[in-house]
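The sequence shown lines up with residues 3 to 296 when you count with our numbering.
Just so you know, even glycine gets a beta-carbon here, dropped at the ideal spot from N, CA and C.
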Amino acid sequence: MSDAVSPSASRSRRLALAGASLVAAAALAGLGASWASGSRLSELPKGPVLARAIERGTLVVGVRRYPRPAPPEAPTPPEPDGFDAALARELARSLGVTLELVGLDAAAQDAALRDGRVDLLIAGVPSATAPKGIDAAPGSYDTGSGLVVALRKGRVQDAEALRGAPVCVGEGSGYAGAVSLRYGAQPRSYPSSVHAVSAFMAGECAALAEDAEVLERLLKNDEWRFYKPLASGLRPPSDAAIRLPQGDATSRDYLAAALRQWRADGTLAQARGARAGNLQFEITLLKDGFVCHS
């Protein structure tokens, strides 16, 4: 019996993926209502970075990007990370301007900010601490608790065995630093959480570190019965901060105020829930022959 996917089945799966992506995008786009409710951000002063965006009518934000799971015969181009884009969208709305997203690989992010190609970076935890010429708004927008999972019958059976072991993480994940500092593990970064899960399931790492909400959902699926929680309560040692050019304290304070409001009014929790649901869907596609290493 052939394992090839028929054209009609492949088309149905692509339509399902597109439909689910639209639903996830709508959920993330709808976060604006809760952000704007009762907002007084418009009354706060804006520094040069944000003032320039208001003058041109567009906020340009650099974000992470990655290709979504797709059949081998129809790979998808890299697209902006939905969670990063959700926050960028709310910031643009709070300023009363349109949004331009620029998908950036990790190696290009800091240069894009320093060269003025983007106004801000929303791309998780930076790989380097305090890059030259770059500042960060106080506070983290990725505040969840992390979880580490491993094979039930794998070589890593307890948290102590993580020392020196490779652990898959997505680009910009604060859990990379957490598993390194707490357990002496060796984090391996992949372009996205989906890529990290795919690599883990392929045996490239002894464990996987990710947001607990995402992994707890996945562990309820039958195909995840071969995996078990290994360590919980991970807290990133570094903030997933909004980055901006150095020397603009007023814009930095505005961004910090926006982050505080996002946490207080439930928008952050809603965005994280939407991200968990979207990732769960994308990851379940891996078992159906879809791949994300395009």
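Three-state secondary structure (DSSP) of residue i
{"i": "Leu-2", "result": "Residue 2 lies beyond the range of the chain shown here (3 to 296); nothing can be said about it."}
{"i": "Glu-301", "result": "The requested residue 301 is not part of the displayed model; the chain covers only 3 to 296."}
{"i": "Asp-86", "result": "helix"}
{"i": "Ser-175", "result": "coil"}
{"i": "Ala-163", "result": "helix"}
{"i": "Thr-60", "result": "strand"}
{"i": "Glu-277", "result": "The residue asked about is misnamed: residue 277 is Arg in this sequence, not Glu. DSSP places Arg-277 in helix when its eight states are reduced to three."}
{"i": "Tyr-185", "result": "helix"}
{"i": "Ala-180", "result": "helix"}
{"i": "Glu-215", "result": "helix"}
{"i": "Ala-139", "result": "coil"}
{"i": "Arg-262", "result": "helix"}
{"i": "Arg-42", "result": "coil"}
Cut-off 6 Å between Cβ atoms - residues of its own chain near residue i, not counting five sequence neighbours on either side
{"i": "Leu-24", "result": "Note on Leu-24: pLDDT 42, under 50, position unreliable in the model; the coordinate value appears next. None."}
{"i": "Gly-49", "result": "Asp-250, Thr-252, Ser-253"}
{"i": "Arg-91", "result": "Leu-101"}
{"i": "Pro-47", "result": "Thr-252"}
{"i": "Val-169", "result": "Val-181, Ala-187, Pro-189, Cys-207, Ala-209, Ala-211"}
Exposed unless 16 or more other CB atoms sit within 10 angstroms - verdict on residue i
{"i": "Phe-228", "result": "exposed"}
{"i": "Ile-56", "result": "exposed"}
{"i": "Gly-21", "result": "Caution applies to Gly-21, whose pLDDT of 46 falls short of 50 and renders its modelled position unreliable; the model cannot decide the point."}
{"i": "Leu-33", "result": "Unreliable positioning characterises Leu-33 in this predicted model, as indicated by a pLDDT of 47, which lies under 50. A coordinate reading is not provided."}
{"i": "Ser-44", "result": "exposed"}
{"i": "Leu-164", "result": "buried"}
{"i": "Pro-247", "result": "buried"}
{"i": "Asn-223", "result": "exposed"}
{"i": "Asp-117", "result": "exposed"}
{"i": "Gly-176", "result": "buried"}
{"i": "Gly-135", "result": "exposed"}
{"i": "Leu-270", "result": "buried"}
{"i": "Ala-266", "result": "exposed"}
DSSP beta-bridge partners of residue i
{"i": "Arg-190", "result": "Cys-170"}
{"i": "Ser-234", "result": "Leu-149"}
{"i": "Arg-67", "result": "Pro-82"}
{"i": "Leu-123", "result": "Gly-64, Arg-245"}
{"i": "Ile-285", "result": "Beta-bridge pairing links Ile-285 to no other residue."}
{"i": "Ala-209", "result": "Ala-152, Val-169"}
{"i": "Tyr-229", "result": "Leu-153"}
Cβ-Cβ separation, residue j to residue i (assumed contact under 8 Å), whole Å
{"i": "Ala-152", "j": "Ala-209", "result": "4 Å"}
{"i": "Asp-213", "j": "Gly-146", "result": "5 Å"}
{"i": "Gly-141", "j": "Ala-243", "result": "7 Å"}
{"i": "Arg-66", "j": "Glu-215", "result": "About 19 Å separates the two Cβ atoms, so there is no contact after all."}
{"i": "Val-120", "j": "Val-104", "result": "5 Å"}
{"i": "Pro-238", "j": "Ala-180", "result": "6 Å"}
{"i": "Leu-123", "j": "Gly-205", "result": "That belief does not hold up - the Cβ atoms of Leu-123 and Gly-205 are roughly 33 Å apart, past 8 Å."}
{"i": "Ser-182", "j": "Pro-189", "result": "6 Å"}
{"i": "Ser-200", "j": "Leu-288", "result": "6 Å"}
Cβ shell of residue i (< 8 Å), same chain only, five flanking positions each side left out
{"i": "Asp-160", "result": "Leu-232"}
{"i": "Arg-262", "result": "Gly-141"}
{"i": "Ala-26", "result": "Caution applies to Ala-26, whose pLDDT of 46 falls short of 50 and renders its modelled position unreliable; the value that the coordinates give is listed next. Closer than 8 Å at Cβ, skipping near neighbours: Gly-84, Ala-276, Gly-279, Asn-280, Phe-283."}
Own chain partners of residue i with C-beta closer than 7 Å, once the 5 adjacent residues on each side are dropped
{"i": "Asp-107", "result": "none"}
Neighbour flag for residue i against chain C, beta carbons, 8 Å
{"i": "Arg-219", "result": "Absent from the structure: chain C. Only one protein chain is present."}
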